[in-house]
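If you're matching positions, the sequence shown starts at 349 in the working numbering and goes up one per residue.
The structure appears below as structure tokens.
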Amino acid sequence: DVALREFAELAQRDPNDRAARTRLVAAYRVLKNTPEAMRILRDALKKNPNDADALVQRSEIYLDEDDVVEAEADLTRVAGIRRNDAVVRYLLSRVYKARNQESLRRQELNEAIRLDPSLLAIRIELADTFIGEPKLALKLMNEAPPEQTHSLPVIVMRNWALLASGDLVEATKGI
């Protein structure tokens, strides 16, 4: 409650501080107070319909509520504003996952990785979609940034790809 009041006070003190508003909306989401988070975002979007931060947060709420139509509408608007935003590409991949459009999902995950190769969770998710094509999954894991190659998620996914490809010798080494 104290933290929430502090976030609300900071956001109220400077209505143009998007970072403060973003933290406040995130706090409401953690507390499962979606109506209040949506109210804040609606107010922000009334002032500026192209507020990319507000559109992204609202799309996340829509995705959590399985409203992929509204989420996609917001994300499409943001993609026009922020063409090179890896997070927007990842969120679009969630829209396509909900619609069982696997090729579009992979395309967006791949674009997110291209835009920001350091996004490990997205790299793992994309590799997992390729587990039926283990050479592609292995290639993706081998392309992880050097600082991530020894992390447990990379090692585990790489081992799954090796096992799926039938390379038991390398998989045993990895294990």
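We put the CB at the ideal spot given by N, CA and C, even for glycine.
Quantities reported herein were computed from a predicted structural model and do not represent experimental measurements.
Residue from the options whose Cα sits closest to the Cα of residue i
i: residue 360; options: 462, 391 and 502; result: 391
i: residue 354; options: 388, 371 and 466; result: 371
i: residue 351; options: 376, 363 and 367; result: 376
i: residue 468; options: 446, 380, 373 and 504; result: 504
Residue i in three-state terms, based on DSSP
i: residue 483; result: helix
i: residue 499; result: coil
i: residue 494; result: helix
i: residue 380; result: coil
i: residue 454; result: helix
i: residue 361; result: helix
i: residue 467; result: coil
i: residue 430; result: coil
Presumed contact (8 Å Cβ cut-off) between residue i and residue j, rounded CB distance
i: residue 443; j: residue 423; result: 7 Å
Heavy atom of the ligand ZN within 7 Å of residue i beta-carbon
i: residue 382; result: As far as ligands go, the structure on display features none, and thus does not contain the ligand ZN.
Neighbourhood of residue i by C-beta distance below 7 Å, restricted to the same chain and skipping five residues each side
i: residue 434; result: 460, 463, 464 and 467
i: residue 374; result: none
i: residue 367; result: none
Own chain, CB closer than 8 Å to residue i, minus 5 neighbours either side, in chain order
i: residue 479; result: 485, 508, 509 and 512
Short CB-CB distance (under 8 Å) between residue i and chain C
i: residue 475; result: In the displayed structure, chain C is absent; only one protein chain is listed.
Proximal residues to residue i (C-beta, below 6 Å), its chain only, five neighbours per side dropped
i: residue 406; result: 389 and 422
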